[in-house]
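With positions in the sequence shown counted from 1, the corresponding number in our numbering is that position plus 1.
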Amino acid sequence: MKLVIAMTGASGAIYTQRLLDNLDPAQHELHFIWTRHATEVADLELPGGLRVPDGVRRYEENGSMFVPFVSGSARFDAMVIIPASMGTIGRIANGSSDSTIARAADVFLKERRKLILVPRESPYNLIHLRNMTTLTEAGALILPASPGFYHRPQTIPQLVDGIIARVLDHLGIPHHLARRWQSPE
Ligand SMILES: Cc1cc2nc3c(=O)[nH]c(=O)nc-3n(C[C@H](O)[C@H](O)[C@H](O)COP(=O)(O)O)c2cc1C
């Protein structure tokens, strides 16, 4: 698959780390872009900051339109924004297209390609809820960073992996990250 992974400045840098760690650059073409605030949050939350695996293409400037995935003519399969800040969600919901990430998300929606947003905020205000409704109506999938507990996670990575498993499921990528409901494994 050709995938765009975008990281914004919501809390939850570990979600980005676990997703990157569970995507094989030998099997998938992976393009990774992040915001300035994402770097600040990752430096705060992850010891040593985010580790981007070798083989992943990186885009340091969330402002350039000279990247392949901001045009519908470049054929990508899916984009995941993880974690997705309410700021970025608001920009996408309003069609601002004023950053690489906002424009890319706009393109995925107009081209009817898969756009998965993993928001992290609590509580939500009415503006957040309306923006997420707008994005759902436009074809995006809102997959909140709200981990489940029925697979009995013992560690924070196991807890996080319950969400990464759902993201991979929606991308159609096989995994063994979390036990499925009523599965003996
Ligand atoms: C430590 C820290 C944690 C944050 N957590 C959240 C959060 O969970 N959700 C959110 O929407 N914004 C959060 N923010 C605020 C965003 O970083 C801020 O709104 C920023 O403008 C988002 O910009 P971006 O979407 O371009 O990354 C946090 C900021 C900091 C410094």
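Glycine included, each C-beta is placed from N, C-alpha and C at the ideal position. Only a predicted model underlies this, so the values are computations on that prediction, with no experimental measurement involved.
Cβ distance (whole Å) where residue i is taken to contact residue j below 8 Å
{"i": "isoleucine 117", "j": "histidine 171", "result": "6 Å"}
{"i": "alanine 39", "j": "methionine 8", "result": "4 Å"}
{"i": "valine 168", "j": "valine 119", "result": "7 Å"}
Beta-carbon contacts of residue i that lie in its chain and below 7 Å, excluding the five residues immediately before and after
{"i": "arginine 59", "result": "Phe33, Val53"}
{"i": "isoleucine 143", "result": "Leu118, Pro120, Met133, Leu136, Thr137"}
{"i": "alanine 141", "result": "Leu110, Leu116, Leu118"}
Three-state secondary structure assigned by DSSP to residue i
{"i": "tyrosine 125", "result": "coil"}
{"i": "histidine 32", "result": "strand"}
{"i": "proline 84", "result": "strand"}
{"i": "tyrosine 60", "result": "strand"}
{"i": "proline 69", "result": "helix"}
{"i": "leucine 130", "result": "helix"}
{"i": "alanine 79", "result": "strand"}
{"i": "leucine 24", "result": "coil"}
{"i": "leucine 136", "result": "helix"}
Same chain, Cβ closer than 8 Å to residue i, neighbours up to 5 away in sequence not counted
{"i": "aspartate 55", "result": "Pro26"}
{"i": "leucine 4", "result": "Leu24, His29, Glu30, Leu31, His32, Phe77, Asp78, Ala79, Met80, Val81, Leu172"}
{"i": "proline 84", "result": "Met8, Thr9, Ala11, Ser12, Gly13, Ala14, Tyr16, Thr17, Val119, Pro120, Arg121, Ala146"}
{"i": "glutamate 41", "result": "Gly10"}
{"i": "glycine 50", "result": "Thr40, Ala43, Asp44"}
Cβ-based neighbour list, residue i, same chain, cut-off 6 Å, excluding 5 preceding and 5 following
{"i": "proline 48", "result": "none"}
{"i": "methionine 2", "result": "His29, Asp78"}
{"i": "alanine 103", "result": "Arg92, Ile93, Ser97"}
Delimiting residues of the alpha helix (DSSP H) encompassing residue i
{"i": "proline 158", "result": "157-172"}
{"i": "valine 53", "result": "Valine 53 -> no alpha helix (DSSP H), and no H or E assigned at all."}
{"i": "leucine 110", "result": "101-111"}
{"i": "leucine 45", "result": "37-46"}
beta-carbon residue i near ligand 3 non-hydrogen atom, thresh 7 Å
{"i": "arginine 121", "result": "No copy of ligand 3 appears in this structure; the ligands present are ligand 1."}
Delimiting residues of the beta strand (DSSP E) encompassing residue i
{"i": "alanine 7", "result": "3-8"}
{"i": "tyrosine 178", "result": "First, the amino acid is wrong: residue 178 is leucine here, not tyrosine. No beta strand (DSSP E) holds leucine 178; DSSP gives it neither H nor E."}
{"i": "proline 120", "result": "115-120"}
Short CB-CB distance (under 8 Å) between residue i and chain B
{"i": "arginine 131", "result": "Absence of chain B from the displayed structure is noted, only one protein chain being present."}
Margin query: Count Cβ pairs between the segment 69-84 and the segment 106-120 that sit closer than 8 Å; are there 3 or more?
Written below: yes
Checklist line | Three CB pairs or more closer than 8 Å across the segment 90-97 and the segment 118-132 | finding: yes
Next item on the list: Report yes or no: do three or more beta-carbon pairs, one from the segment 6-21 and one from the segment 161-180, lie closer than 8 Å?
Entry: yes
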